[in-house]
Ligand code: B16
Ligand code: MG
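In my numbering, the protein residues as written are 501 to 718.
Put into structure tokens, the structure is as follows:
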């Protein structure tokens, strides 16, 4: 029996990837490092530190400088966050979350972002969540299962009663490693290992999705 739906944030509930991109881009320009939108695709769902390492492409910085660069990028990013409202919810999200609650399922968040709570507040949907796992909850980031396990623990549920909604390959891998169900949002090249693949949450319905899940997650 499924008892909870747990959502990734960036790429599932809202599209903060564009703001992350602009913030990293500004830092990269200030430091004379080439950084394109294509480079940014690799940063989806990846922690701030790992994002910086990808941006550096093998360049080595002292730890203090890494900290300063991450802080600077985050300050740029937080400027964008001030502008976030419910208009930034991805299509279908509000209706699907409302339907999920009405169906009687618990709702959780599993995001790599240390800014996740501010994003949920800006979007005006914080009150819908029973548990929020963010960039402060665990040390091991996706594809490790740790964050999903942490959220399931908060919801007091075993893994096979939890369904994860993810847009990143690393997120799907983490959900499966945790022994949970995975619903992939996006192209099969990225989320093909999920139990069910959807383009996005537009037209998604709880019962129809539950009907498509196999009897066990593995
Ligand atoms: P922060 P998600 C991830 O969010 C983003 O996809 C990724 O680009 C970002 O680097 C990461 O959060 C950390 O964000 O710098 O705010 O801590 O997809 O896991 O919700
Ligand atoms: Mg994501």
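Here a beta-carbon is modelled for each residue, glycine too, at the ideal position from N, C-alpha and C.
It should be emphasised that the depicted structure is a prediction, and the values quoted were computed from it without experimental measurement.
For residue i versus residue j, is the C-beta spacing smaller than 8 Å?
i           : j           : result
residue 592 : residue 671 : no
residue 706 : residue 585 : no
residue 504 : residue 605 : yes
residue 639 : residue 510 : no
residue 644 : residue 624 : no
residue 714 : residue 660 : no
Compare the Cα-Cα distances from residue i to each of the options and report the closest residue.
i           : options            : result
residue 648 : 608, 561, 580, 558 : 608
residue 494 : 627, 560, 657, 646 : Outside the displayed span of the chain (501 to 718) sits residue 494, for which this structure offers no information.
residue 508 : 537, 700, 524      : 700
residue 619 : 577, 653, 526      : 577
residue 554 : 530, 581, 525, 582 : 525
residue 653 : 669, 668, 667, 678 : 678
residue 590 : 517, 690, 658, 708 : 517
residue 521 : 512, 542, 513      : 542
residue 628 : 655, 651, 597      : 597
Could you give the first and the last residue of the continuous beta strand (DSSP E) run that contains residue i?
i           : result
residue 577 : Here residue 577 belongs to no beta strand (DSSP E); instead the alpha helix (DSSP H) covers 563-581.
residue 681 : 681-685
residue 698 : 696-698
residue 504 : 504-507
residue 609 : 606-610
residue 663 : 662-666
Which residues bound the alpha helix (DSSP H) around residue i?
i           : result
residue 525 : 517-531
residue 653 : 646-654
residue 622 : 616-623
residue 672 : 669-677
residue 593 : 593-603
residue 691 : 688-691
For review: beta carbons within less than 5 Å of any heavy atom in ligand 2 = Answer in sequence order: 508, 510, 511, 545, 667, 668.
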